[in-house]
Structure formats: structure tokens, C-alpha cells
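*Asks:* Each step along the sequence shown adds one to the number in full-length UniProt numbering, with nothing skipped, and position 302 is 302. All residues carry an ideal CB built from backbone N, CA and C; glycine is no exception. Quick one: the structure is below, questions incoming.
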Amino acid sequence: MTAYPNMLAPLDLGFTTLKNRVLMGSMHTGLEETGDWNRVAEFYAARARGGVALMVTGGIGPNLEGSVLPGASMMTSATDVENHRVITDRVHAAGGRIAMQILHAGRYAYGPKCVGPSPVKSPISPFPPHELDEDGIEKQIADIVNAARRAQEAGYDGVEIMGSEGYFLNQFLVTRTNKRTDRWGGSYENRMRLPIEVVRRTREAVGRKFIIIYRLSMIDLVPEGSTHDEVVQLAQEVEKAGATILNTGIGWHEARIPTIATSVPRAAFAWVTQKLMGKVSIPIITSNRINTPEVAEQVLAEGCADMVSMARPMLADADFVAKAEAGQASHIAPCIACNQACLDHTFSGKLTSCLVNPRACHETELVIEPAAAAKTVAIVGAGPAGLATALTAAQRGHKVTLFDQADEIGGQLNMAKQVPGKEEFWGLVDWYRTMIADAGVTLALGRRVAAQDLTGFDEIVVATGVIPRDPAIPGQDEANVLSYIDVLCRKKPVGQRVAVIGAGGIGFDVSEFLLEEGHSPATDLPAWMKEWGVSDPAEHRAGLAPEGPQPAAPARRVTLLQRKAERHGKRLGKTTGWIHRATLKMKEVEFLGGVNYERIDAGGLHVSFGEARENPTLVAADTIVLCSGQVSERRLADDLAEHGITAHVIGGADVAAELDAKRAINQGTRLAAAL
Ligand code: NAP
Ligand code: SF4
1 MTAYPNMLAP LDLGFTTLKN RVLMGSMHTG LEETGDWNRV AEFYAARARG
51 GVALMVTGGI GPNLEGSVLP GASMMTSATD VENHRVITDR VHAAGGRIAM
101 QILHAGRYAY GPKCVGPSPV KSPISPFPPH ELDEDGIEKQ IADIVNAARR
151 AQEAGYDGVE IMGSEGYFLN QFLVTRTNKR TDRWGGSYEN RMRLPIEVVR
201 RTREAVGRKF IIIYRLSMID LVPEGSTHDE VVQLAQEVEK AGATILNTGI
251 GWHEARIPTI ATSVPRAAFA WVTQKLMGKV SIPIITSNRI NTPEVAEQVL
301 AEGCADMVSM ARPMLADADF VAKAEAGQAS HIAPCIACNQ ACLDHTFSGK
351 LTSCLVNPRA CHETELVIEP AAAAKTVAIV GAGPAGLATA LTAAQRGHKV
401 TLFDQADEIG GQLNMAKQVP GKEEFWGLVD WYRTMIADAG VTLALGRRVA
451 AQDLTGFDEI VVATGVIPRD PAIPGQDEAN VLSYIDVLCR KKPVGQRVAV
501 IGAGGIGFDV SEFLLEEGHS PATDLPAWMK EWGVSDPAEH RAGLAPEGPQ
551 PAAPARRVTL LQRKAERHGK RLGKTTGWIH RATLKMKEVE FLGGVNYERI
601 DAGGLHVSFG EARENPTLVA ADTIVLCSGQ VSERRLADDL AEHGITAHVI
651 GGADVAAELD AKRAINQGTR LAAAL
């Protein structure tokens, strides 16, 4: 008897049956653009072997003007068909099914040739779109239909027509972007015409036995977006036009409300999909922040949808479904929704991977095989770098001992998990605990080791991490000064007015921790919706609360300082930095930049500004928290070197600058793959 009867139930589509209710949602991995079709195929085949019922590829352009970026992958030629056949053959051989997403980006296409219903520039693109005339619209429809026909020829089981997230079809639907007065604009019937025509003509072209998923924006989260009645009307017309399945899209890319970040509660938008249940007779998929089999099962059991879409969780663990089926859910590597190695990479033009699984999208390059000869391996430091090394080394057959001076594993992950909105880190530490036990790693915790304790091992890995940087501010030894470790781990008392020194990742984290005082909107959906101004789209157009964001009062008055004169949080994650900035602004945090730290006394922190040290100012504070960065903890590495003992030094102990769990886990896994 499975714990996930709803998630693992087959889904009958009439002409074919899906083996369970899990869809791997579309992700722009950048793999298709490498031109290495074997690599792309292996990425999808690994997930097919992992048991997911149906996968959707990253967005594939139907033509040049609709492609997200110059050079983005398209489906327009016989060569494209041949290339994609490598993917479909491999997926089918692995027992999987795959649909190709047709993505016409409209005004989101990054280039001067982009097109749209009206010449209204998007706030997130520098290019105003060219207004399409009647012939231009007909060409776009023909190109989308042609891409679907070629996808079928390439062996795909279906297509997903991207109609949400503020892309081309979505742009025709709403008056925000469609100012036309012809038959493609004006009334809702007219604005709806394009998506309906696309689905109708696609169905005509591909015949009855081919899956057409239509991704429909169920809550636009932008002004002048769709009403719920319009969403229902569109869904019913899309069904009539021939769609097989409806998938949920949440929010436009330009919306100022987070929709998939880790601070968004799990399954935060399943209720939006549920509003459509019973209004159409084709299956409906829900999506966003579903990352465990338990959450997926609950969403389905509560009748929020017929199927769940998970995208990033399939990067974190290709075997998600197979492990759930085998009763090994605790072995599923959890997606912590950090975006650090997936979306942040995509938006920086880098190939996608995953913070917890560096093999994602690197399946053919980072190959982990049983070791030729088992070695004894000592790893010192049970933070992310040490844990990743220990796990992979032990899985390869090495005999691993993992030391840490702390009484528990996790290192800095244990700090991150204290921060409101970063609760997913608890699951990551739990997963490592399960996995290293399963792999037979010997744990030696609560013990500080020196060079002489490590004799007799074949390999020594130093992953001792980082220690706080000393900012050398006069008065920093006063009782009113704490380190971030005092605040996050030792839970020392903090006053009502706080000055946080250093506006890096940890300065932001500490500020968020101090502002919330034990409460986390990430685990309280009504509070989170109120904080960001999300409401029921049946009550308010596009799901925007008329009163806007209503954050709870901050628990403290916080001033966040940095010496640089740049915008606070500029170096945070590309897709999440704005959320941290917005959160702190909502909580009335004062941002002070370009400061010099002069001294600390009982009244607070004395600063001056600029090179000339002008404008001496007292930042009145009861507590000053030092978050001034970190330096490598190299005492053991130096000790070993002095004794002439060779060791691998990784993670923060190697380079502290810009250290994060992504680099640490990647470096540890790669080292262990080569030991
Ligand atoms: P960080 O990001 O390097 O920030 C250090 C801060 O300290 C900067 O604001 C810096 O700004 C300031 N600083 C540097 N030297 C100083 C000095 N001598 N005196 C006073 N201030 C000084 O380091 P972190 O905040 O400790 O974070 C460590 C790593 O953890 C980061 O690399 C980050 O990637 C990771 N992390 C990431 C997240 C995330 O959200 N993704 C969250 C937490 C941590 P000025 O030089 O301008 O003063
Ligand atoms: Fe999830 Fe982070 Fe991995 Fe992306 S990088 S898949 S968000 S864990």
C-alpha cells in the first residue's frame, strides 16, 4: 500500500493513459542551446527512468521573432526535427513520455524584432514590441502550428502551448498589453481569439491522438490582468478548441509578487487551480512550490487538481517518483527553491544545474561510478562541502569518516534554516543525515581534530568552512555587539533598535530574522498573501488585493549598513534579490550605504560618509550585529601542511569569498567523484 495513492494513480486521457499524476514542468535549462543532443537526451532520459509520467521540454521558439533570446532553440526545420528525435527516442526507450513546449515570448522576446498585440513595452524588457497586423498575426499562428506539427514528426507525445506568465498569447488576453480595436482586441471574445485559434488549428494539424497541454494564466498578479470569470471562459473555450490538459500558470514575469521563491509557502497557489476544477471536463494540472510527495499527495487528495507539475524538484532528484513509489521518500534530494543554480543561471546566460544536485544537466559530464579501489577517507567539516564529499565518496564504495567539532551535521545550513522563509534548509540537512547514514559514513561529531588524528587515512579532505571576518571597529567588544552566529544560532537577546553591519546575504538574512520575531509568513499562507497583496481573483481582478501589500508590523527597527555606495542587495541572487529588498523595505528597514564605521559605544554605532569621512552620524541602536563577511578557517589545513600531510582543501576553507552552498556542494561532489 503506497502512501501516495492519488499521486501514483494513472490518468486516462482517452486515447492514452499516463502512469501517474506527476508532470515534470518546463524549465529553460540552456541544454537545447548547447547543440549537444546526446547531453539533452540524457537529461530527459534520466528523469524518464525516474518514473515521472510526462515531461515538458524547455520553451522552444516557433520562429525568430518569438524566441526568448537570439540563438534560443527553435523548431522550424527538418534539422530541428532530426535533433529532437534524439531526445524522444531516448525518452521512449527509457519508458517515458515527453511533450515539447512551444514558447512564443511576444514582447518578452529579448530583441528589437519582438512582436506583440500593441506597442506597449514591458517593464522588464528594453524592447518595445512591433504591433502585428492581420497578416503578422496569421503568420504567428501558422508558425506555432508548424512547430507543433514538426514536434509530432520528431516523435514527441504532445506539445505544451505556453499561454501564461505574460508571454505572447497571454499578452493578447488582457487590456494591459492589448490596445487593439480590430477583431483581435477590444471585447474579451476578441482578445481571446488568438489563443483559441492557436489551439484549434494545432488540434486540426496534429489529429486526435496527440497531447495538447495549454498553460493558462490563472492569476496574472499584474494590474489590468484577467478576472476569474475570464479565466473560466478561456479554459472552457480552450477545451472546446481541442486541448487535452490544462496546466496552471501563476503570475506574469513582470509581477512584483514572488511566485516560486523559497519564501513562498509550499503549494501556495493550489487553491487558484482548484477554482477551475469542475468548470471543464479535461484534466487540470496545478503547479508552484510543490516539492515533496507529501505536498503533491495532499494537493491531489484535497481535489485542487488532477495532476501536479514539479519542475525544479526534478533537477534536485531525477528519481523523485521512483523513490516515492519505493517507499523511500526520505531519500529524495529536496529542492529548496533557492533558484541559485537553476533560474539564477538561466538569467545569467549560464547552463542550469542544481544546488543540491550538481549532476543536474551535467549527467554526461559528471559521472559517478564505483571506485576502482576502496580507500579510507577522512573528511573534516560536516557543512555542505564535507557532506557532499562524504556522501558521494561513500556511495562510490570508499570507507568514509566525517568529523565535525559541532554535535550535529549541517554547518552553515543550520544557520540558514533559522531564517524565516528559509525553512526548506531543514529538509536538506535531514536528507543529508538520512543519506550519509544509508551510505555507511562513520560520523565523528563533537570532536575537534588535529593533524596527528588523521594519520592512517588514504585521503584527507579539509572542509572546515569559514569564520566571521573581524571588521576591527573600535568598541566592537562592547556588550551591545553580537555576531550573526550569536543571533541565529546562540539566540542571544537582541534589543528593539538594531544596526546590522554588512549587507551581504547574511546581513539580509539576519535582518529578516530580527524583523519577524519567530513568525514566518512562509509557513502561514494567509499571512503571506496579506503581506504581498495577493487576493482571490474571483473577488479582485488578477488576484491583486486593492489595498496592496499589508505587511505585519516589524518586530524591531533595523538599520542595514554597508560601506559600498551601491544599491543594497545588488549582489544577491538574480531572481531573488528583489524579493529580499522588497521584504526589508516593507518592514521599514533603513538602508545606509557609503558609510565608514567610526566606533561603537553604548548609544549605538557612529558612522561617517564618503572618503572625506563627512557627516558624522549616530545610528542609535540597542544592539549592533556584525555580518561583515567571512574568512577561511584554515587552521587544520595549515597544521596538516606543516606536518607534511597532503590534503584536499575545499569549500569555504579553500576560498571564502562568495562562498555559498552551491559552490561547496559542487566542489565536494566533484572531488569525491575523482577520489
Ligand atoms: P558577503 O556577501 O561577502 O557580505 C559581506 C558584507 O560585509 C558586505 O556587505 C560587505 O560590504 C561587508 N564587509 C566586508 N568586509 C568588511 C569589513 N572589513 N568591515 C565591515 N564590513 C565589511 O558575506 P556574507 O553576508 O557573510 O555571506 C557569506 C556568503 O553566504 C555569501 O557569499 C553568500 O553567497 C552566502 N549567502 C547567501 C545567501 C542568499 O540569499 N543567497 C544568504 C546568506 C548567505 P561592504 O564591503 O560594502 O561594507
Ligand atoms: Fe531547487 Fe535550488 Fe536546485 Fe533550483 S538550484 S532546483 S531551486 S534546489
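Please classify THR177: is it buried, with 16 or more other beta-carbons within 10 angstroms of its beta-carbon, or exposed?
*Replies:* Counting from one through the sequence shown, the residue named residue 177 turns up at place 177. Label assigned to THR177: buried.
*Asks:* Would you list, in sequence order, the uninterrupted alpha helix (DSSP H) runs of no fewer than 4 residues that lie entirely inside the region 352-407?
*Replies:* Entirely contained in the region 352-407, the alpha helix (DSSP H) runs reaching 4 residues are, in chain order, 384-395.
*Asks:* Under a three-way DSSP split, which group does ALA620 fall into?
*Replies:* In the sequence shown, counting from the first residue as 1, residue 620 sits at position 620. Strand.
*Asks:* Looking at C-beta atoms only, is the number of pairs between the region 138-147 and the region 59-79 that lie closer than 8 Å three or more?
*Replies:* Yes, the region 138-147 is in contact with the region 59-79.
*Asks:* Among all the DSSP beta bridges, which residues are the ones paired with HIS130?
*Replies:* Counting from one through the sequence shown, the residue named residue 130 turns up at place 130. BP columns for HIS130 point to VAL115.
*Asks:* Can you give me the start and stop residues for the alpha helix (DSSP H) that GLY106 sits inside?
*Replies:* In the sequence shown, residue 106 corresponds to position 106, counting from 1. First-last for GLY106: undefined, no H or E at that position.
*Asks:* Would you mind listing the alpha helix (DSSP H) stretches within the region 117-176 that are 4+ residues and don't spill past its ends, in chain order?
*Replies:* The qualifying runs are 134-153 and 168-173.
*Asks:* Name, in chain order, the residues that DSSP records as bridge partners for LEU560.
*Replies:* Here residue 560 is taken as the residue at index 560 of the sequence shown, counted from 1. According to DSSP, LEU560 bridges with VAL500 and PHE591.
*Asks:* Using CA atoms only, rank isn't needed, just tell me which of GLU424, ALA637 and ASP601 is closest to ALA621.
*Replies:* Taking the first residue of the sequence shown as position 1, residue 621 is located at position 621. When only C-alpha atoms are compared, the closest one is ASP601.
*Asks:* For a test of your reading of the model: does the CB of residue 689 fall under 7 Å from any non-hydrogen atom of ligand 2? Yes or no.
*Replies:* Any question about residue 689 goes unanswered here, given that the chain covers just 1 to 675.
*Asks:* Does the Cβ of ILE98 have 16 or more other Cβ atoms within 10 Å, making it buried, or fewer, making it exposed?
*Replies:* As a first step, residue 98 must be located in the sequence shown, where it is residue number 98. Looking at its Cβ environment, which holds 16 or more other Cβ atoms inside 10 Å, ILE98 is buried.
*Asks:* On the three-pair Cβ rule with 8 Å, is the region 225-237 touching the region 528-545?
*Replies:* Touching, per the Cβ criterion.
*Asks:* Anything with a beta carbon under 6 Å from a heavy atom of ligand 2 counts; list them all in chain order.
*Replies:* Every residue passing the under-6 Å Cβ criterion appears here: ARG312, LEU315, ALA316, CYS335, ILE336, ALA337, CYS338, ASN339, GLN340, ALA341, CYS342, CYS354, LEU355 and VAL356.
*Asks:* So THR442 is in the alpha helix (DSSP H); what residue range does that whole segment cover?
*Replies:* Working through the sequence shown from its first residue, we reach residue 442 at position 442. Unbroken run through THR442 is the beta strand (DSSP E), 442-445; no alpha helix (DSSP H).
*Asks:* Can we count LEU572 as close to ligand 1, meaning its CB is less than 7 Å from some heavy atom?
*Replies:* On the sequence shown, position 572 is the one that residue 572 refers to. Yes, the beta carbon of LEU572 sits closer than 7 Å to at least one heavy atom of ligand 1.
*Asks:* Expressed to the nearest angstrom, what Euclidean distance is found between the alpha-carbon atoms of residue 677 and ALA268?
*Replies:* No statement about residue 677 is possible, as the shown extent of the chain runs from 1 to 675 and does not include it.
*Asks:* Jot down the residue ranges of each uninterrupted beta strand (DSSP E) in the region 475-562, minimum 3 residues, whole runs only, in chain order.
*Replies:* If we require 3 residues or more, the beta strand (DSSP E) runs fully inside the region 475-562 come out as 481-483, 497-501 and 557-561.
*Asks:* Could you give the C-beta distance for LYS587 and LEU515, rounded to a whole number, given that I count them as a contact under 8 Å?
*Replies:* The sequence position of residue 587 within the sequence shown is 587, counting from 1. The sequence position of residue 515 within the sequence shown is 515, counting from 1. That pair is a contact at about 4 Å.
*Asks:* Take GLY573 and list the residues in its own chain whose beta-carbon comes closer than 7 Å to its own, dropping the five residues that flank it on each side.
*Replies:* For the purposes of this step, residue 573 is identified with residue 573 of the sequence shown, where counting begins at 1. Counting only Cβ-Cβ distances below 7 Å, and skipping sequence neighbours, we find ASN339, GLN340 and ASP344.
*Asks:* Is it right to say ASN38 is buried, meaning 16 or more other beta carbons lie within 10 angstroms of its own, or is it exposed?
*Replies:* Stepping through the sequence shown from its first residue, residue 38 is reached at position 38. Classification for ASN38: exposed.
*Asks:* Does MET314 come out as helix, strand or coil in the three-state DSSP assignment?
*Replies:* Here residue 314 is taken as the residue at index 314 of the sequence shown, counted from 1. Of the three classes helix, strand and coil, the one that applies to MET314 here is helix, per DSSP.
*Asks:* Under the rule that 16 or more other beta-carbon atoms within 10 Å means buried, what is HIS84, buried or exposed?
*Replies:* As a first step, residue 84 is located in the sequence shown; it is residue number 84 there, counting from the start. Buried, since its Cβ has 16 or more Cβ neighbours within 10 Å.
*Asks:* Report the partner residues of LEU675 according to the DSSP bridge assignment.
*Replies:* As a first step, residue 675 is located in the sequence shown; it is residue number 675 there, counting from the start. Bridge partners of LEU675: none, in fact.
*Asks:* Looking at ligand 1, does it come within less than 7 Å of ASP477, judged from the CB to the closest heavy atom?
*Replies:* Within the sequence shown, residue 477 is the residue found at index 477, counting from 1. Checking every heavy atom of ligand 1 against the Cβ of ASP477, none is found closer than 7 Å.
*Asks:* Would you mind giving the Cβ-Cβ distance between LEU413 and ASN357, rounded to the nearest angstrom? I have them listed as a contact below 8 Å.
*Replies:* The residue you call residue 413 lines up with position 413 of the sequence shown. The residue you call residue 357 lines up with position 357 of the sequence shown. Not quite, the Cβ-Cβ distance comes to about 15 Å (not below 8 Å), so this is no contact.
*Asks:* For the candidate residues ALA394, GLY397 and GLY411, whose alpha-carbon lies nearest to that of ALA382?
*Replies:* Within the sequence shown, the letter at position 382 stands for residue 382. Closest option to ALA382, Cα to Cα, is GLY411.
*Asks:* Candidates MET415, THR434, THR88 and GLU239: which alpha carbon is nearest GLN395's?
*Replies:* Here residue 395 refers to the residue found at position 395 of the sequence shown. Nearest option by C-alpha distance: THR434.
*Asks:* For THR202, I'd like the list of residues in its chain whose CB is within less than 8 Å of its CB, leaving aside the five on either flank, ordered along the chain.
*Replies:* Taking the first residue of the sequence shown as 1, we reach residue 202 at position 202. Excluding residues within five positions, the ones whose Cβ falls inside 8 Å are ILE144, VAL145, ALA148, VAL159, ILE161, ILE212 and GLY242.
*Asks:* Taking only the alpha-carbon atoms, compute the straight-line gap between GLU365 and LEU173 and give it to the nearest angstrom.
*Replies:* Numbered from its first residue, the sequence shown carries residue 365 at position 365. Numbered from its first residue, the sequence shown carries residue 173 at position 173. Going by the C-alpha atoms only, they are around 43 Å apart.
*Asks:* Taking the beta carbon of residue 698 as the centre, do at least 16 other beta carbons fall within 10 Å, making it buried, or is it exposed?
*Replies:* Coverage of the chain is limited to positions 1 through 675, which leaves residue 698 absent and any answer about it impossible.
*Asks:* Taking 8 Å as the threshold (C-beta atoms), are VAL461 and ASP389 in contact?
*Replies:* Translated into positions along the sequence shown, residue 389 becomes position 389. Translated into positions along the sequence shown, residue 461 becomes position 461. As written in the sequence, residue 389 is Thr, which differs from the Asp given in the question. It is a contact, given that the beta carbons lie within the stated cut-off.
*Asks:* Please name the residue, chosen from LYS530, THR559 and ASP536, that lies closest to GLY548 on a Cα-to-Cα basis.
*Replies:* Here residue 548 corresponds to residue number 548 of the sequence shown, with the count starting at 1. It is LYS530.
*Asks:* Determine the contact status of residue 682 and VAL500, defining contact as a CB-CB distance below 8 Å.
*Replies:* Here the chain comprises residues numbered 1 to 675, so residue 682 is not present and cannot be evaluated.
*Asks:* Taking the continuous beta strand (DSSP E) assigned at VAL295, which residues delimit it?
*Replies:* On the sequence shown, residue 295 is found 295 positions in, with the first residue counted as 1. Not the beta strand (DSSP E): VAL295 falls in the alpha helix (DSSP H), residues 293-301.
*Asks:* Excluding the 5 residues preceding and the 5 following ASP660 in the sequence, name in chain order all residues of the same chain whose CB lies nearer than 7 Å to its CB.
*Replies:* Numbered from 1 along the sequence shown, position 660 holds the residue referred to as residue 660. The residues are GLN340.
*Asks:* Nearest-angstrom Cα distance between ALA459 and ALA378?
*Replies:* Translated into positions along the sequence shown, residue 459 becomes position 459. Translated into positions along the sequence shown, residue 378 becomes position 378. Position check: residue 459 holds Glu in this sequence, whereas Ala was assumed. Going by the C-alpha atoms only, they are around 6 Å apart.
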